[in-house]
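Novice:
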Amino acid sequence: CAYLLRYPLYQLGNPQLRIFRPSWFLTLVRPGKEQPQDTVQFRIPMEMTKYDIKNYLEKIYNVPVGVVRTRIQFGSNKKRNHLNQKVKQPDYKVAYVQLALGQTFTFPDIFPEKERAPAEGSMEEMQEKFMEDEKQRQKLDPRRGGVTEWFGL
Amino acid sequence: MGSATSKMAASSSAGRVLTLCKQFQNVFRISSATNARQGAVSSAKCQTSLLREKSPIVTPSWSNPISSPGQYRALHTTISRRGLEEFFDSPENWGEANVKSGAPWTAKQLRTKSNEDLHKLWYVLLKEKNMLLTLEQEAKRQRVQMPSPERLRKVERSMIRLETVAKERESALRLLQTGQEKGRPGAWRRNIFGYVYWYRFKEYAIPWYMNRRYKRKRFYTPKFVEPHIRLRIENYLRERARNENLKKRRLTKLQERFPQIKAPAS
Numbered sequence: 001c002a003y004l005l006r007y008p009l010y011q012l013g014n015p016q017l018r019i020f021r022p023s024w025f026l027t028l029v030r031p032g033k034e035q036p037q038d039t040v041q042f043r044i045p046m047e048m049t050k051y052d053i054k055n056y057l058e059k060i061y062n063v064p065v066g067v068v069r070t071r072i073q074f075g076s077n078k079k080r081n082h083l084n085q086k087v088k089q090p091d092y093k094v095a096y097v098q099l100a101l102g103q104t105f106t107f108p109d110i111f112p113e114k115e116r117a118p119a120e121g122s123m124e125e126m127q128e129k130f131m132e133d134e135k136q137r138q139k140l141d142p143r144r145g146g147v148t149e150w151f152g153l
Numbered sequence: 001m002g003s004a005t006s007k008m009a010a011s012s013s014a015g016r017v018l019t020l021c022k023q024f025q026n027v028f029r030i031s032s033a034t035n036a037r038q039g040a041v042s043s044a045k046c047q048t049s050l051l052r053e054k055s056p057i058v059t060p061s062w063s064n065p066i067s068s069p070g071q072y073r074a075l076h077t078t079i080s081r082r083g084l085e086e087f088f089d090s091p092e093n094w095g096e097a098n099v100k101s102g103a104p105w106t107a108k109q110l111r112t113k114s115n116e117d118l119h120k121l122w123y124v125l126l127k128e129k130n131m132l133l134t135l136e137q138e139a140k141r142q143r144v145q146m147p148s149p150e151r152l153r154k155v156e157r158s159m160i161r162l163e164t165v166a167k168e169r170e171s172a173l174r175l176l177q178t179g180q181e182k183g184r185p186g187a188w189r190r191n192i193f194g195y196v197y198w199y200r201f202k203e204y205a206i207p208w209y210m211n212r213r214y215k216r217k218r219f220y221t222p223k224f225v226e227p228h229i230r231l232r233i234e235n236y237l238r239e240r241a242r243n244e245n246l247k248k249r250r251l252t253k254l255q256e257r258f259p260q261i262k263a264p265a266s
């Protein structure tokens, strides 16, 4: 685990530090501002450094990494709740990773519209049927040809 | 870019051929794109090393026009196709409302596994958790419900249990080999405020008597703190007596109102 950990002091000639079972999790996010084609944006834990991200992606995900730039995003402390107490949104670190070897990455559309037929005998089917019946009832008489009820007897 | 590609080419003969004849690069790219796609779809367990040998050298995106739209994957162009794709679910599950998932790992099941298996499982769980976190964030961004959020909790619990099993094994080994109970040395110490706590040692490059910041920390209570400690103890005893009286009063009131009640064993 990465928390409650004190890494051994490094002095010249010490063995290479190895972390088993790292408890750091990265979140790939869609960039808010337009980023160049080779840049991937991550939300990372505060304790990670640029070298950590480079090694993480190269060793675990086998992604060739060029440059990594990080910044800390301040979470706002301005909003207040119903008791007029300040509510703090958590701070987080953002990493901009540029891929090596001329690769590109575009954030995909993970929630495409899918045609979903509801299962037989389920709640969704009954609800959809009910909604259709209601809409049918709300429609005017088709024999009136689109004219509203305001006119007529 | 040229030196990098030449290094990669040295590992595979196909690459060496490609770097020699640039005009055949387009042909190879399309054919290998199909190969790699089939490889990715066939099984989740295919080795990245195999794919790397099949696929050609990557060309920059600007020289890769959408020649065959059926085979073009709008994600990215990589040598190992399972790089950043592992941050997302398999494309069949995109847009679903519910994604089926099994039960979390129990400690009992994990204890039967070898250390190597546990190590590999840790990274499988890590990648799964990363994928779920990206999904959660994207769902928040698109203002859509995340499909089956209980997967996150399951993965977290599995990881905690894995950690406990690994720690058990490590501490057992340590006890057998060295006789030490704790991995990190420490001692019971009293701080300035009179509290006794387990102080865990930290590694320094210099001895403690040369460390000015450490000497300012003072692991003893001065004489003038003792009356404050006494007041603290009095407060604690008062609060404890108050809580016990409250419980007794509640019980007696209940007994009055409902005489048939049996006093709970506490």
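Line by line, the protein sequences give chains H and P. Going by UniProt numbering, the first sequence runs without a break in its numbering and finishes at 153. Going by UniProt numbering, the second sequence runs without a break in its numbering and finishes at 266. Beta carbons are placed, not taken as given, at the ideal position from N, Cα and C, and that holds for glycine.
1) Go through the region 182 to 246 of chain P residue by residue and report every complete run of the beta strand (DSSP E) that reaches 3 residues or more, in order.
2) How far does the alpha helix (DSSP H) with P/ILE160 in it extend, from its first residue to its last?
3) For P/ALA166 and P/ARG153, what's the separation of their Cα atoms in angstroms?
4) In chain H, what lies closer than 8 Å to P/GLY95 by C-beta?
5) Compute the Euclidean distance between the alpha carbons of P/LEU125 and H/PHE107, then round it to the nearest angstrom.
6) Shorter than 8 Å from the beta carbon of H/THR27 to some beta carbon of chain P?
7) Short check: CB of P/LEU162 to CB of P/LEU118, under 8 Å?
8) Just list the alpha helix (DSSP H) runs in the region 46 to 93 of chain H, keeping only unbroken ones of 4 residues or longer that don't cross its boundaries, in chain order.
9) For H/ARG21, name the three-state secondary structure that DSSP assigns.
10) Between which residues of its own chain and H/THR104 is the CB-CB distance below 6 Å, once the five residues before and five after are set aside?
11) Along the chain, where does the alpha helix (DSSP H) that runs through H/PHE130 open and close?
12) Pull up the distance between the alpha-carbon of H/LEU83 and that of P/ASN235, whole angstroms please.
13) What whole-angstrom Cβ distance do H/ASP91 and H/ILE72 have, given they're in contact under 8 Å?
14) According to the neighbour-count rule (16 or more other Cβ atoms, all chains shown, within 10 Å of its Cβ), is H/VAL68 buried or exposed?
15) Could you have a look at H/TYR96 and say whether DSSP puts it in helix, strand or coil?
16) Beta-carbon separation of H/ALA100 and H/GLY66 under 8 Å?
17) In whole angstroms, what is the alpha-carbon distance linking P/GLN137 and P/PHE87?
18) Reducing DSSP to helix, strand and coil, say where H/LEU5 ends up.
19) Can you pull the chain P residues whose beta carbon is under 8 Å from the beta carbon of H/VAL40, in chain order?
20) Where P/ARG37 and H/GLN98 are concerned, what is the direct C-alpha to C-alpha distance, given to the nearest angstrom?
21) Going straight from the alpha carbon of H/ASN62 to that of P/LYS120, what length do you get?
22) On a Cα-Cα basis, can you pick out the residue from P/SER148, P/TYR123, P/VAL144, P/LEU135 that is closest to P/MET159?
23) Hey, would you say P/TYR214 sits closer than 8 Å to P/ARG190, going by beta carbons?
24) Using CA coordinates, which residue listed in H/GLN89, H/GLU124, H/VAL94 is at the minimum distance from P/ALA97?
25) Could one say the Cβ of H/LEU140 lies closer than 8 Å to chain P's Cβ atoms, at least one of them?
26) Residues of the region 5 to 31 of chain H in Cβ contact with chain P at a cutoff of 8 Å, in chain order, please.
Specialist: On the basis of the supplied data:
1) Every beta strand (DSSP E) of 3 residues or more that sits fully in the region 182 to 246 of chain P is shown, in chain order, as 186 to 190, 196 to 200.
2) By one-based count along the second sequence, residue 160 of chain P stands at place 160. For P/ILE160, the enclosing alpha helix (DSSP H) stretches over residues 150 to 177.
3) Along the second sequence, one-based indexing puts residue 166 of chain P at 166. Along the second sequence, one-based indexing puts residue 153 of chain P at 153. Approximately 20 Å, taken between the alpha carbons.
4) Your numbering for residue 95 of chain P matches position 95 in the second sequence. Residues of chain H with a Cβ closer than 8 Å to the Cβ of P/GLY95 are, in chain order, ILE110, PHE111, PRO112, GLU113, LYS114.
5) Taking the second sequence and counting its residues from 1, the one referred to as residue 125 of chain P is at position 125. Taking the first sequence and counting its residues from 1, the one referred to as residue 107 of chain H is at position 107. When only Cα atoms are considered, P/LEU125 and H/PHE107 end up about 23 Å apart.
6) Position 27 of the first sequence, counted from the start, is the residue given in the question as residue 27 of chain H. Interface residue, yes.
7) Here residue 162 of chain P corresponds to residue number 162 of the second sequence, with the count starting at 1. Here residue 118 of chain P corresponds to residue number 118 of the second sequence, with the count starting at 1. Closer than 8 Å, so yes.
8) Whole alpha helix (DSSP H) segments, 4+ residues: 50 to 60.
9) Residue numbering aside, residue 21 of chain H sits at position 21 when the first sequence is read from its first letter. Under the three-state reduction of DSSP, H/ARG21 is assigned to coil, being neither helix nor strand.
10) Residue 104 of chain H sits at position 104 when you count from the first residue of the first sequence. Take H/THR104, set aside five residues on each side of it, and the residues of its chain with a beta-carbon closer than 6 Å to its own are GLN37, ASP38, in chain order.
11) Counting from one through the first sequence, the residue named residue 130 of chain H turns up at place 130. Its alpha helix (DSSP H) spans residues 123 to 138.
12) The residue given as residue 83 of chain H occupies position 83 in the first sequence. The residue given as residue 235 of chain P occupies position 235 in the second sequence. Cα to Cα, H/LEU83 sits roughly 30 Å from P/ASN235.
13) Here residue 91 of chain H is taken as the residue at index 91 of the first sequence, counted from 1. Here residue 72 of chain H is taken as the residue at index 72 of the first sequence, counted from 1. Indeed, because the Cβ distance is near 6 Å, the residues count as touching under 8 Å.
14) For the purposes of this step, residue 68 of chain H is taken as the residue at position 68 of the first sequence. Under this definition H/VAL68 is a buried residue.
15) The count along the first sequence starts at 1 and reaches residue 96 of chain H at position 96. Of the three classes helix, strand and coil, the one that applies to H/TYR96 here is strand, per DSSP.
16) As a working mapping, residue 100 of chain H is identified with position 100 in the first sequence. As a working mapping, residue 66 of chain H is identified with position 66 in the first sequence. Taking 8 Å as the cut-off, the Cβ atoms of H/ALA100 and H/GLY66 count as close.
17) Here the question's residue 137 of chain P lines up with position 137 in the second sequence. Here the question's residue 87 of chain P lines up with position 87 in the second sequence. Approximately 12 Å between the Cα atoms of the pair.
18) Indexing the first sequence from 1 puts residue 5 of chain H at position 5. It is coil, neither helix nor strand.
19) For the purposes of this step, residue 40 of chain H is taken as residue 40 along the first sequence, with counting starting at 1. Near H/VAL40 (Cβ distances below 8 Å), the residues of chain P are LEU84.
20) Taking the first residue of the second sequence as position 1, residue 37 of chain P is located at position 37. Taking the first residue of the first sequence as position 1, residue 98 of chain H is located at position 98. In this predicted model, P/ARG37 has a pLDDT of only 42, less than 50, meaning its place in the structure is not dependable enough to derive any value.
21) By 1-based counting over the first sequence, the position of residue 62 of chain H is 62. By 1-based counting over the second sequence, the position of residue 120 of chain P is 120. Distance between the alpha carbons of H/ASN62 and P/LYS120 is about 15 Å.
22) Here residue 159 of chain P is taken as the residue at index 159 of the second sequence, counted from 1. Answer by Cα proximity: P/TYR123.
23) Within the second sequence, numbered from 1, the residue matching residue 214 of chain P stands at position 214. Within the second sequence, numbered from 1, the residue matching residue 190 of chain P stands at position 190. At a Cβ-Cβ threshold of 8 Å, P/TYR214 and P/ARG190 do not count as neighbours.
24) Residue numbering aside, residue 97 of chain P sits at position 97 when the second sequence is read from its first letter. The shortest C-alpha separation from P/ALA97 is found at H/GLU124.
25) By 1-based counting over the first sequence, the position of residue 140 of chain H is 140. Using beta-carbon distances, H/LEU140 does not count as an interface residue toward chain P, since no partner is under 8 Å.
26) So the close ones are ARG6, PRO8, LEU9, GLN11, PHE20, ARG21, PRO22, SER23, PHE25, LEU26, THR27, LEU28, VAL29, ARG30.
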